[in-house]
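In the numbering used here, the protein residues as written are 9 to 600.
Glycine included, every Cβ here is placed at the ideal spot set by N, Cα and C.
Being a predicted model, the structure only gives us computed values, none of them experimental.
Read the structure below first, then the notes.
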């Protein structure tokens, strides 16, 4: 018989590319694929809908079990059917109707190695250590062989089948096979459109990689367009852009270096050459933060061709269980495919607009307020800075002296050991600090004044909440929920007791300030009850402000921004502005 066997790993991009090249090279008259015969009509319909991704549904061995077959572009079986249709040749489905597919747990090398060693060499090396067989595998191989033996022997036929069944089918082809009597009734098969939000869970290759394959498959002379590392670089680059837009933070060059090393190590641990999207998301979350991990996940799961509204029913599936036509159903993958659970569980899911502009329509603009959990975080950080200021001043006034009659503030172990030859004990003495800490000014950015055009002063709502003035990016340009805007502080001022502060940004007393940061510092000196004003900034204030503080009987304690934890600063730098108090109960569902 004129059979050419093309064994593949189901769902893997590199094998889809290899199958397309092989079919165009061989120019067969028939393409036989290892797919159930009962799915032939619906599978052809699903292939015809590409690049929109469809899912074939039918009942399994029991009524409460639903088997699903995603028809995805980068699957070699899908590509075989699709290329055959384009070539105008016959497609033969050779798997007997509704037969139980054996799920083999053998290990295969990373398909990315095809780029280095080639398709034929990969198959040869895999066959050197074949997967173990059992009676179910033998029976399935005989059923496939029976179907192939019944094919037209005069036609050139390419057979696309699973790599782990290749040797078993070859052995079964050596002897005539009998018609496998399965004794099962045909069941109803239906086709649904996969919702764009569920693609990441039901596809083997991540959606953006499949989207790139859609662009590549007609361009046989440009194989690097869908090279995995190159596509991952595009994913990370897009994620960086959206991360900067959403948070104001930038991914640094050292972040990229650590991401490359981390993902390489994760891939090596699992015996792969290239990291998958799960590894990328985990590494992004661990090296940068959760927000960047989310952006990487979202970037990898873009698939522009998929629509929520289609000519057939749209269903939002999950990898575990779904609700479909008001019936609860348990899902099992029809084709055995190697796929790790994709979504990192630590990433909080974010709500999205039903249509662009939905959240903007719900802003009334009559009032604004803060988000109470963020108020607690920033108040706690203000108390931390006050304690740190006292600690710094105490260390500046600390002296060490030999022990005489009192231990004072405790034994200085280091100095005692250093002068052990004198047989003396040294103790520390800290002078009391006159005055308390009043206002706290924190400046994140004192250069890009034009970026922070949102100037606000709001008063504390109770006795433990500070009056606050700040400048930030415009929050309602970046909506994260209905009437909930997300902004990034350029700097802020906090002062207690509350409900004393006039609008800092319109107060003419501070018009001599050259920058927004200086205006906040002047207001901090003006409203401070304590003798000490904490000023946290990338650089110290001009000397004129120290003179101003001396005349007011105050002291400016300058704390370099670089001395504080960047992780904590990143957390408090984000502010959410709500357009009314009515938004507070639901804000927790949208703020991330």
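Item	Value
Less than 9 Å separating the beta-carbons of residue 394 and residue 542?	yes
Whole alpha helix (DSSP H) runs in the region 230-300 with 4 or more residues, listed along the chain?	236-255, 261-277 and 285-295
For residue 513, name the three-state secondary structure that DSSP assigns.	coil
Straight-line CA distance for residue 211 to residue 76?	11 Å
On a Cα-Cα basis, can you pick out the residue from 452, 599, 518 and 538 that is closest to residue 573?	452
Thinking residue 104 and residue 188 are a contact (beta carbons under 8 Å), I'd like their distance in whole angstroms, please.	5 Å
Nearest CA to the CA of residue 148: which residue from 167, 303, 263 and 180?	180
Report all residues from its chain with a CB closer than 7 Å to the CB of residue 386; omit the five preceding and five following residues, and keep chain order.	580
Grouping DSSP H, G and I as helix and E and B as strand, with all else coil, what is residue 407?	strand
What residue range does the beta strand (DSSP E) around residue 38 cover?	38-44
By DSSP's criteria, residue 206 is part of a beta bridge. Which residues make up the other side?	Note: residue 206 sits in no beta bridge, so no partner.
When you compare only the Cα positions, how much space is there between residue 185 and residue 177?	11 Å
Do the region 425-434 and the region 473-484 make contact, defined as three or more Cβ pairs closer than 8 Å?	no
Measure the alpha-carbon distance for residue 400 versus residue 533 and round it to whole angstroms.	20 Å
Starting from the N-terminal side, write out each stretch of the beta strand (DSSP E) that is 3 residues or longer and does not extend beyond the region 493-563.	540-545
Using only the alpha-carbon positions, how far apart do residue 295 and residue 259 sit?	10 Å
Taking the alpha-carbon of residue 625 as reference, which of 173, 27 and 120 has the nearest alpha-carbon?	Nothing about residue 625 can be reported from this structure: the residues present for the chain run from 9 to 600 only.
Between which residues of its own chain and residue 335 is the CB-CB distance below 6 Å, once the five residues before and five after are set aside?	Only weak support is given to the placement of residue 335: the predicted model assigns it a pLDDT of 36, under 50, and the value that follows is read from those uncertain coordinates. For residue 335, where only same-chain residues beyond five positions count, there are no Cβ hits under 6 Å.
Sort 360, 277, 502 and 61 by Cα distance to residue 317 and report the nearest one.	61
Any contact between the region 242-255 and the region 298-310? By contact I mean 3 or more CB pairs, one from each, below 8 Å.	yes
Residue 391: buried (16+ other C-beta within 10 angstroms of its C-beta) or exposed?	exposed
Excluding five sequence neighbours on each side, which residues of the same chain lie with their C-beta closer than 8 Å to the C-beta of residue 10?	161, 162, 163, 164 and 165
Check for me: the beta strand (DSSP E) holding residue 33 runs from which residue to which?	Residue 33 -> not in any beta strand (DSSP E); alpha helix (DSSP H) instead, spanning 21-34.
Considering only C-alpha positions, which residue in the set 436, 413 and 414 is nearest to residue 421?	436
How should residue 35 be labelled, buried or exposed, when 16 other C-beta atoms within 10 angstroms of its C-beta is the threshold for buried?	exposed
According to the neighbour-count rule (16 or more other Cβ atoms, all chains shown, within 10 Å of its Cβ), is residue 584 buried or exposed?	buried
Going straight from the alpha carbon of residue 267 to that of residue 375, what length do you get?	43 Å
Thinking residue 124 and residue 171 are a contact (beta carbons under 8 Å), I'd like their distance in whole angstroms, please.	The pair is not a contact, with the Cβ atoms about 18 Å apart (cut-off 8 Å).
Is there contact here, the region 460-473 with the region 503-510, by at least three beta-carbon pairs under 8 Å?	yes
Between which two residues does the beta strand (DSSP E) holding residue 63 run?	62-67
Let me check understanding here. Comparing Cα to Cα, which of 168, 46, 487 and 28 lies closest to residue 12?	168
Quick one, which of 236, 39, 207 and 142 has its alpha-carbon nearest residue 118's?	236
For the region 126-191, list the alpha helix (DSSP H) runs that are entirely contained and at least 4 residues long, ordered along the chain.	127-135, 143-157 and 174-180
Checking 9 Å against the spacing of the C-beta atoms, do residue 481 and residue 512 come in under that value?	no
Quick one: what's residue 412 bridged to in DSSP?	None; residue 412 has no bridge partner.
Do you know offhand how far residue 446's Cα is from residue 308's?	48 Å
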